[in-house]
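Report on the following structure.
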Amino acid sequence: MGKKRVLVGYGIDVDAVANWINTCDGSPQNPTNVSRGVYGATVGIDRLLKLYAKYDIKATFFTPAHSIESFPTQLAKVRDAGHEIGLHGYTHEHISQLSALQQQDVLTRSIDSLTKFCGDKRPQGYTAPAWSTSKELISQLQAEGVAYDHSFMHHDLQPYFAPDNSETWVETNMAKSADAWMMPMTKLKPSKVVEIPANWHLDDWPPLQPIPGRAGAQGFVDTHVVEKLWLEQFDFAYREYDTFIFPMSIHPQVSGKPQVILMHERIIEYINKHEGVEWMPLCDMAKEFLEGRMPGVEVEGGVDP
Ligand SMILES: [Zn+2]
207 MGKKRVLVGY GIDVDAVANW INTCDGSPQN PTNVSRGVYG ATVGIDRLLK
257 LYAKYDIKAT FFTPAHSIES FPTQLAKVRD AGHEIGLHGY THEHISQLSA
307 LQQQDVLTRS IDSLTKFCGD KRPQGYTAPA WSTSKELISQ LQAEGVAYDH
357 SFMHHDLQPY FAPDNSETWV ETNMAKSADA WMMPMTKLKP SKVVEIPANW
407 HLDDWPPLQP IPGRAGAQGF VDTHVVEKLW LEQFDFAYRE YDTFIFPMSI
457 HPQVSGKPQV ILMHERIIEY INKHEGVEWM PLCDMAKEFL EGRMPGVEVE
507 GGVDP
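The sequence shown runs 207 to 511 under the working numbering.
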């Protein structure tokens, strides 16, 4: 076993009411759901700030511009405590459903809003709402000078340069002859945007946020089960890699709940027992990779046509 270097951090999807009012077709949202977002922006953020102060952790709060503009006092507490504020859409739009122009308009407006809020400091990172991405995303982020993304899943424990999404694949379409789709994916080409990968198995929402009627959001999982799932991933990584990153994704409206705060205390204390652990916001993980102090990996795949 070599000398360990482990970069651990929290990416917090602030969301607030934005994810609830993103109904896509303008249909009205149930005010009780909106109140869950208010809870996240107020009670949830306050409890997470207290947790991070207790363990001296700086984290990344991915914040829809709608949340900053609707809860400026709460987000000022986050900013003034020295946490990173990253991009997360305007109203938590699922960009896979937007045109390229709508995506660009949302990105431009959110960058403006966050830049103003952070004293003329441009945001360095982005995570796609619901990790629902598009072919245009990486090139738009690169053109805007956004250093890193946290939406893709080519790896789970290593940083890398995100593929530029120029690769092509052919979806099956059974209305056509089989020859129409039987061809390989073209070669992945790296962009200049660092990927700090996303991971549904390190996300509090699916197991711990009940949404009646929606599969995958049952929400009533024992936090000790979730803790075990997360820490087993950490144990495997610590056994298999001398250097790795461990970004966890959480939401104030989920992780601000009493039973989940207690889970995070146990997780942080367990991780802190390991040599070589450094807590940092995701922008610093990206910087460690860009400046050559964290090797990361190269994503390979596809073939030249
Ligand atoms: Zn979100």
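For every residue, glycine included, the Cβ atom is placed at its ideal position computed from N, Cα and C.
Limits of the unbroken beta strand (DSSP E) element including Ile218:
Run containing Ile218: 211-219, per the beta strand (DSSP E) assignment.
With Lys398 as the anchor, note down where its beta strand (DSSP E) starts and where it stops.
Where Lys398 is concerned, the enclosing beta strand (DSSP E) stretches over 396-401.
Taking the alpha helix (DSSP H) that Glu494 belongs to, which residues open and close that run?
Glu494: member of the alpha helix (DSSP H) spanning 488-496, first to last residue.
Cutoff 8 Å; reference Glu484; Cβ partners in own chain excluding five residues on either side
If we look at Glu484 and ignore the five residues flanking it on each side, its Cβ neighbours are Arg211, Val212, Leu213, Val214.
I believe His298 touches Ser338 by the beta-carbon criterion, under 8 Å. Please report the beta-carbon distance rounded to the nearest angstrom.
At roughly 10 Å, the Cβ-Cβ gap does not stay under 8 Å, so His298 and Ser338 are not in contact.
Taking just the CA atoms, how far does Pro237 sit from Gly502?
Rounded to the nearest whole angstrom, the CA to CA distance from Gly502 to Pro237 is 44 Å.
Helix, strand or coil: how does DSSP classify Phe440 here?
DSSP places Phe440 in helix when its eight states are reduced to three.
Applying the 10 Å Cβ sphere with the 16-neighbour rule, what's the burial state of Met469?
Met469 is buried by the Cβ-count criterion.
Start and end residues, beta strand (DSSP E) containing Met359:
That residue, Met359, is in no beta strand (DSSP E); it is neither H nor E in DSSP.
With distances taken between CB atoms, is the gap from Pro369 to Val352 smaller than 8 Å?
No.
Report the three-state DSSP secondary structure of Gly331 (helix, strand or coil).
Strand at Gly331.
Put Tyr261 into one of helix, strand or coil per three-state DSSP.
Note: Tyr261 maps to coil in three-state DSSP.
DSSP state of Leu281, grouped into three classes?
When DSSP states are grouped into helix, strand and coil, Leu281 belongs to the helix group.
What are the boundary residues of the alpha helix (DSSP H) that includes Leu468?
In the DSSP assignment, Leu468 falls within the unbroken alpha helix (DSSP H) covering 464-477.
With distances taken between CB atoms, is the gap from Ser455 to Gly217 smaller than 8 Å?
A distance below 8 Å separates the beta carbons of Ser455 and Gly217.
Examine ligand 1 and report whether any of its heavy atoms sits within less than 7 Å of the Cβ of Pro335.
Set against 7 Å, the gap from the CB of Pro335 to the closest heavy atom of ligand 1 is smaller.
Is Asn239 near ligand 1, with its Cβ less than 7 Å from a heavy atom?
Asn239: no, Cβ never under 7 Å from ligand 1.
With distances taken Cα to Cα, identify the nearest neighbour of Trp436 among Tyr476, Val460, Phe495, Gln280.
For Trp436, the nearest C-alpha among the options comes from Tyr476.
Could you pull the DSSP bridge partners for Met454 from this structure?
According to DSSP, Met454 bridges with Tyr216.
If we count Cβ pairs, one from each stretch, closer than 8 Å, do we get three or more for the segment 459-469 versus the segment 408-421?
They touch, by the three-pair rule.
Looking at ligand 1, does it come within less than 7 Å of Asn405, judged from the CB to the closest heavy atom?
Not one heavy atom of ligand 1 is found less than 7 Å from the C-beta of Asn405.
Using 10 angstroms around the beta-carbon of Ala287, count the other beta-carbons present and answer buried if the total reaches 16, otherwise exposed.
Ala287 is classed as exposed because its beta carbon has fewer than 16 other beta carbons within 10 Å across all chains shown.
How is the beta strand (DSSP E) around Tyr366 delimited, first residue to last?
Annotation for Tyr366: the continuous beta strand (DSSP E) segment containing it runs 366-369.
Work out the CA separation of Ile417 and Tyr366 for me, nearest whole Å.
Their backbone Cα atoms lie some 34 Å apart in a straight line.
Beta-carbon proximity list for Lys264, same chain, < 6 Å, skipping 5 on both sides:
Only Gly288, His289, Pro487 meet the Cβ criterion.
Got a sec, what are the start and stop residues for the alpha helix (DSSP H) Ile317 sits in?
306-323 is the extent of the alpha helix (DSSP H) around Ile317.
What are the boundary residues of the beta strand (DSSP E) that includes Glu342?
Per DSSP, Glu342 is not a residue of any beta strand (DSSP E), being assigned neither H nor E.
Buried versus exposed call for Trp226 [16 or more other C-beta atoms within 10 Å across all chains shown]
Around the CB of Trp226, 16 or more other CB atoms lie within 10 Å, so the residue is classed as buried.
Report buried or exposed for Ser383, applying the criterion of at least 16 other Cβ atoms within 10 angstroms of its Cβ.
Ser383 comes out exposed.
Leu347 and Tyr332 closer than 8 Å at C-beta
Yes; because the gap between Cβ atoms is below 8 Å, this pair is in contact.
Is the beta carbon of Thr505 less than 8 Å from the beta carbon of His360?
One point to set straight first is that residue 505 is Val, not Thr, in the sequence displayed. Here Val505 is near His360, since their CB atoms are less than 8 Å apart.
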